[in-house]
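S.K.:
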Amino acid sequence: MSAGATAGERRVEPGRAPLVALSGVEKVYGKGESQVYALAGADLRIDNGEFVAIMGPSGSGKSTCMNIVGCLDQPTSGSYRFRGVEVGTLSRDELALLRRHYLGFVFQGFNLLARTSAVENVELPLVYRRVAAGERRRLALAALAAVGLEGREKHTPAELSGGQQQRVAIARAIVTNPSILLADEPTGNLDSARSVALMELLVALNRTRGITIVMVTHEPDMAAYSTRTVVFRDGKVASDGPTSRRAGAGHAP
Amino acid sequence: MLWTTLVMAFREIRRNALRSFLTTLGIVIGVGAVIAMVTLGQGATIKVTGDVAKMGNNLLTVSPGSERRGAVSVAATMFTLDDANAIRRDVSSVRFVAPTASRATSMVYANRNYTATVTGSINAYLDVRGYALDRGRIFSETEQRVGMPVCVLGETVRKELFGAEEALDATIRVGKLACRVVGVFASKGQSTFGFDQDDFVLMPLATFQRRIAGTTDVGAIFVSARDEGSTVKAKRQIEALMRERRRIALGAAPDFAVRDMKEISDTLATITRALTALLGAVAAVSLLVGGIGIMNIMLVSVTERTREIGIRMAIGARAHEVLLQFVVEAIVLSVLGGLLGMGLGLAGSFAVARLVGLPFVLMPEVVLLAFAFSAAVGIAFGIFPARKASRLNPIEALRHE
Ligand SMILES: Nc1ncnc2c1ncn2[C@@H]1O[C@H](COP(=O)(O)OP(=O)(O)O)[C@@H](O)[C@H]1O
Ligand SMILES: [Mg+2]
Chain A
1 MSAGATAGER RVEPGRAPLV ALSGVEKVYG KGESQVYALA GADLRIDNGE FVAIMGPSGS
61 GKSTCMNIVG CLDQPTSGSY RFRGVEVGTL SRDELALLRR HYLGFVFQGF NLLARTSAVE
121 NVELPLVYRR VAAGERRRLA LAALAAVGLE GREKHTPAEL SGGQQQRVAI ARAIVTNPSI
181 LLADEPTGNL DSARSVALME LLVALNRTRG ITIVMVTHEP DMAAYSTRTV VFRDGKVASD
241 GPTSRRAGAG HAP
Chain B
1 MLWTTLVMAF REIRRNALRS FLTTLGIVIG VGAVIAMVTL GQGATIKVTG DVAKMGNNLL
61 TVSPGSERRG AVSVAATMFT LDDANAIRRD VSSVRFVAPT ASRATSMVYA NRNYTATVTG
121 SINAYLDVRG YALDRGRIFS ETEQRVGMPV CVLGETVRKE LFGAEEALDA TIRVGKLACR
181 VVGVFASKGQ STFGFDQDDF VLMPLATFQR RIAGTTDVGA IFVSARDEGS TVKAKRQIEA
241 LMRERRRIAL GAAPDFAVRD MKEISDTLAT ITRALTALLG AVAAVSLLVG GIGIMNIMLV
301 SVTERTREIG IRMAIGARAH EVLLQFVVEA IVLSVLGGLL GMGLGLAGSF AVARLVGLPF
361 VLMPEVVLLA FAFSAAVGIA FGIFPARKAS RLNPIEALRH E
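Below you can see the structure in the form of C-alpha cells.
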C-alpha cells in the first residue's frame with residue numbers, strides 16, 4: 001500500500017468521538033437558478049450500537065444524507081465527522097479507505113455484480129482489503145450463512161429472488177465487520193413477507209454483532225424495528241426521537 | 001495483489017464470455033490477416049528472385065528495341081549472325097554467345113497437330129539458357145553449317161505430338177519443313193513468369209533462317225558473361241560495340257537493349273514487393289476494422305462497466321485499483337487475441353505456402369508490429385471507459401444509465 005494510503009488510514013484512527021456527527025451539513029446540486037438544496041443544514045448524531053430509521057417524504061434529502069454518512073459523497077458545506085475525523089477534507093482515496101474499513105452500504109437496487117456468484121460478490125470487499133483467497137472464501141461463506149443463504153453460494157444474481165439478492169448485498173456489507181451499516185430503502189423492492197424477514201435479520205445483526213444500523217424507509221412497519229426514528233423534511237431533520245412502539249405492527253422487538 | 005488482479009481479470013473475461021470473444025475476434029482476425037498476407041507476399045518475393053537467379057545471373061539478353069520517332073513507333077532493325085560473331089570476337093568478358101530467331105509455327109506428326117515456338121540457334125544456346133538433353137544428341141557441326149532439317153524437342157511438344165510413342169528419329173513437319181527429331185530436352189518446367197519453358201522446338205539457326213523464316217534476321221542474342229561479376233562490364237562492352245555497328249550517334253538513344261537477369265530479377269522483386277505491400281495494406285485495413293470492432297464492444301459495455309466501477313468504489317476500491325484491474329483485463333484479452341491471431345496467421349500462411357510451393361518466411365518485425373498495434377487498440381479502448389468512470393464519484397457511477 002502506498003505511503004499516502006497509510007497516512008489516510010492513520011487519520012481515521014477511532015477516538016472517543018461519536019460515530020457520526022453531522023452539523024449544519026448542506027449539499028447543493030446544480031448551479032445558479034437551478035440550484036437545489038438537497039440538504040439545507042442537517043444536524044445528526046449517531047452513536048455506536050444504535051438502530052436508526054430515517055423517514056420523510058420523497059425528495060427530503062434522505063438518500064443524500066445517507067450518501068454523505070456513507071462517505072460516497074461529500075458535503076458542500078458544514079461539518080461531517082466520522083469517528084472524530086472531518087470527512088469534508090479527505091481525498092477521494094482516503095474516502096475509499098474509510099468505506100473499505102468502517103462502512104457497509106446496502107442499496108435499494110442491490111447493486112450486485114452481474115453474472116457473478118453470490119460468494120464472489122461477497123468476497124469483493126475482502127479483495128480490496130487484501131485478505132488471502134482461502135480466508136476470503138471462509139469469511140464470505142460465513143457471511144452468507146449469517147444472512148441465511150447457505151446452499152445459494154454459487155448462484156448469480158439472476159438466479160436469486162429480490163429478497164435473496166438483498167441478503168447477498170447485506171452479506172457483502174457485513175463481511176468486513178463494519179462499524180456501521182447503511183441501508184437506503186433496503187425493502188423498497190421487496191414484498192412484505194420478505195421485508196419482515198430482512199428486518200429481523202437487521203435487528204439480529206444489530207443485537208448480536210453490535211453493528212450500528214442506519215436505514216432509510218418509507219414504511220412505518222419497517223421503521224418500527226428500529227430504536228430511534230429521524231424524520232427529514234426539506235433537507236433538514238424535522239424530528240428525532242425513540243421509535244414509537246404504537247406505530248409498529250406488533251412485531252416490535 | 002497483482003496476482004489477485006490477474007485472477008480477477010481471468011474470471012471477468014470468462015464471466016463476459018461473449019464480449020471477450022468478440023473483442024478477441026477482432027484482434028485475432030486483424031493480426032492473423034496481416035501476418036498471413038505479409039508472410040506469403042515475402043515468400044513469393046523470395047521465390048521469384050530465387051527462380052530468376054536459377055536462370056543464371058550472368059545471362060545477358062541483347063534485343064532490338066523499338067525506336068520512337070515522334071508519335072510513331074517504328075520497329076528497330078534486327079540483328080544478324082555477324083552481330084553475334086562480333087560480340088564473340090570483340091567482347092572479352094563473354095563466354096557463350098547464342099544468336100536466336102523464333103516464331104510460333106504449327107507442327108504435325110501423324111494425325112497430331114500442335115503449335116509451339118520454333119527457335120533457331122546454335123549449340124551454345126543450351127549453355128546460355130541452361131538446357132540439358134534427356135535423350136538423343138545436339139546438332140553436329142555440319143548440320144549447323146549446312147542448315148539440315150533436324151530438331152530437338154522440348155518435353156511439352158514431345159508429349160503433345162508423340163504421347164507414349166518414341167520421338168527419337170521420327171520425322172515431324174514444322175511448317176512446310178519435314179524435320180528429323182534427333183534429341184529431346186530434359187524438362188525445365190514452368191518459369192517464374194508462369195510460361196512453359198518446355199514448349200518449344202530447337203533447330204539450327206541456318207535451318208530456321210532458310211527454311212522457316214526466309215530471312216537472315218537474328219531476333220535476340222543471348223550472351224553469358226564469364227562470371228557474375230563481369231556482367232556489368234560485358235553489358236557496357238556490348239552496348240558500345242552495338243552502337244558502333246548500328247551507327248548510333250553519340251548521345252542518341254539506342255534502338256536495342258542489353259538486359260541482364262539481375263535487372264529483371266530486381267524488377268520482379270520490386271513488383272512482388274509492391275504486391276506484398278498492397279496485400280499488407282488490405283490486411284492492415286482488416287486490422288483497423290478489427291480495432292474498430294474492439295472499440296465498439298468496449299464502448300457498448302461502458303454502461304455496465306461504469307456501474308461495476310461504481311459498485312467497486314462504493315465498497316472501498318480506490319480509483320487506481322479499479323483502473324489497474326481494467327488495464328490488466330484489457331491486456332490479458334488483447335495479448336490472448338494477439339497470440340491466437342499470430343498462431344493462426346503463421347499456421348495459415350505456412351499451410352498455404354506448402355500448398356502452392358512458396359518458401360515460408362517468418363518476418364518477426366511484422367508479427368511484432370501487428371501484435372503491438374492490436375494490443376494497443378485493445379488496451380486503449382479497454383482502459384478509456386474505465387478511466388472515465390473511475391473519475392466519477394461512486395454515486396454518479398452507480399446512477400449511470
Ligand atoms: N445528483 C443530483 N443532481 C441534482 N439533484 C439531485 C441529485 N441527487 C438528488 N438531487 C435532489 O436533491 C433532493 C433530495 O434528493 P434525495 O436525497 O434523493 O431525496 P430522498 O432520498 O429523500 O427522496 C431532491 O430534490 C433531488 O431531486
Ligand atoms: Mg432516496
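If you're matching them up, the sequences are chains A and B in order. One point on numbering: in the numbering used here, the residue at position 111 of the first sequence is 111, and numbering is uninterrupted. One point on numbering: in the numbering used here, the residue at position 369 of the second sequence is 369, and numbering is uninterrupted. Built from N, CA and C at the ideal position, the CB exists for glycine as well.
#1: Which residues does DSSP pair with residue 233(A) in a beta bridge?
#2: Could you compute how far the alpha carbon of residue 435(B) sits from the alpha carbon of residue 78(B)?
#3: Please indicate yes or no: does the CB of residue 185(A) lie closer than 8 angstroms to some heavy atom of ligand 2?
#4: Is there a C-beta anywhere in chain B that falls below 9 angstroms from the one on residue 251(A)?
#5: Return the residues of the stretch 116-135 of chain A that lie within a Cβ-Cβ distance of less than 8 angstroms from chain B, sorted by chain order.
#6: Select from 114(A), 41(A), 219(A), 211(A) the residue whose C-alpha is nearest the C-alpha of residue 195(A).
#7: Would a C-beta distance cut-off of 9 angstroms place residue 292(B) and residue 105(A) closer than the cut-off?
#8: Comparing alpha-carbon positions, which option in 181(B), 121(B), 140(B), 331(B) lies nearest residue 206(B)?
#9: First and last residue of the beta strand (DSSP E) that includes residue 43(A)?
#10: What is the DSSP secondary structure of residue 298(B), counted as helix, strand or coil?
#11: Taking residue 51(A) as the query, report the chain B residues whose CB atoms sit under 9 angstroms from its CB, ordered along the chain.
#12: So what's residue 119(B) in DSSP terms, helix, strand or just coil?
#13: What residue from 348(B), 167(B), 170(B), 359(B) has the CA that sits closest to residue 29(B)'s CA?
#14: Using a threshold of 8 angstroms, is the CB atom of residue 33(A) nearer than that to any non-hydrogen atom of ligand 1?
#15: Could you check whether the Cβ of residue 232(A) sits closer than 9 angstroms to any Cβ belonging to chain B?
#16: For residue 129(B), is the classification buried or exposed, using 16 other Cβ atoms within 10 angstroms of its Cβ as the cut-off for buried?
#17: Spatial neighbours of residue 5(B) within its chain, please: C-beta separation below 7 angstroms, excluding the five flanking residues on both sides.
#18: For residue 46(A), which of 182(A), 193(A), 209(A), 208(A) has the nearest alpha-carbon?
#19: Our contact map puts residue 25(A) next to residue 54(A) with C-beta atoms below 8 angstroms; I'd like the distance itself, whole angstroms only.
#20: Buried or exposed: which applies to residue 131(A), given that a residue is buried once 16 or more other Cβ atoms fall within 10 Å of its Cβ?
#21: With a threshold of 9 angstroms between beta-carbons, can residue 96(A) be considered close to chain B, or not?
#22: Using a beta-carbon distance cut-off of less than 9 angstroms, what residues from the stretch 295-320 of chain B approach chain A?
#23: Report, in whole angstroms, the separation of the C-beta atoms of residue 286(B) and residue 33(B), which I expect to be a contact under 8 angstroms.
#24: Is it the case that the stretch 18-34 of chain A contacts the stretch 81-98 of chain A, given that we only count it when at least three CB pairs across the two stretches are under 8 angstroms?
#25: State the start and end residues of the unbroken alpha helix (DSSP H) segment that holds residue 180(A).
#26: Tell me, to the nearest whole angstrom, how far the beta carbon of residue 225(B) is from that of residue 145(B); I am working on the premise that it is less than 8 angstroms.
#27: Please determine whether the Cβ atom of residue 216(A) lies at a distance below 8 angstroms from any heavy atom of ligand 2.
#28: Beta-carbon of residue 194(A) versus every beta-carbon of chain B: anything under 9 angstroms?
#29: In terms of alpha-carbon separation, which member of 47(B), 181(B), 140(B), 302(B) lies closest to residue 356(B)?
#30: Quick check on residue 190(B): buried or exposed, where buried means 16 or more other Cβ atoms within 10 Å of its Cβ?
#31: Is it the case that the Cβ atoms of residue 227(A) and residue 208(A) are separated by a distance below 9 angstroms?
#32: Which value, in whole angstroms, describes the spacing of the CA atoms of residue 188(A) and residue 12(B)?
#33: Which ranges does the alpha helix (DSSP H) cover as unbroken runs of at least 4 residues, wholly within the stretch 108-193 of chain A, from first to last along the chain?
#34: Evaluate contact between the stretch 87-105 of chain A and the stretch 147-156 of chain A, counting only Cβ atoms and requiring at least three cross-stretch pairs below 8 angstroms.
#35: Just checking my contact of residue 101(B) with residue 213(B) at CB under 8 angstroms: how many whole Å lie between their CB atoms?
M.R.: Reading it off the structure:
#1: 236(A)
#2: Past the boundaries of the shown model lies residue 435(B); chain B is included only from 1 to 401, so the question cannot be answered.
#3: Distance from the C-beta of residue 185(A) to the nearest heavy atom of ligand 2 is below 8 angstroms.
#4: Any reading at residue 251(A) must be qualified, since the residue scores a pLDDT of 48, below 50, and its modelled position is unreliable; no value is offered.
#5: 116, 120, 124, 125, 127, 128, 129, 130, 133
#6: 219(A)
#7: no
#8: Closest option to residue 206(B), Cα to Cα, is 121(B).
#9: 36-46
#10: helix
#11: Neighbours of residue 51(A) on chain B: none; closest Cβ ~22 angstroms, over 9 angstroms.
#12: strand
#13: Distances from the alpha-carbon of residue 29(B) to those of 348(B), 167(B), 170(B), 359(B) put 348(B) closest.
#14: no
#15: no
#16: buried
#17: Within the same chain, 324, 325, 328 come within 7 angstroms of residue 5(B) by CB-CB distance, once the 5 residues on both sides are set aside.
#18: 182(A)
#19: Rounded, the Cβ-Cβ distance is 14 angstroms, inconsistent with contact.
#20: buried
#21: yes
#22: 304, 307, 308, 310, 311, 312, 313, 314, 315, 316, 317, 318, 319, 320
#23: 5 angstroms
#24: yes
#25: In the DSSP assignment, residue 180(A) falls outside any alpha helix (DSSP H) and within the unbroken beta strand (DSSP E) covering 180-184.
#26: Going by Cβ atoms, the distance from residue 225(B) to residue 145(B) rounds to 27 angstroms, so no, they are not a contact pair.
#27: True, at least one ligand heavy atom lies under 8 angstroms from that Cβ.
#28: no
#29: 47(B)
#30: Exposed: under 16 other Cβ atoms inside 10 Å.
#31: One thing to note: residue 227(A) has its Cβ no nearer than 9 angstroms to the Cβ of residue 208(A).
#32: Taking the straight line joining both Cα atoms gives about 30 angstroms.
#33: 118-128, 133-146, 162-174
#34: no
#35: About 6 angstroms; that satisfies the 8 angstroms criterion.
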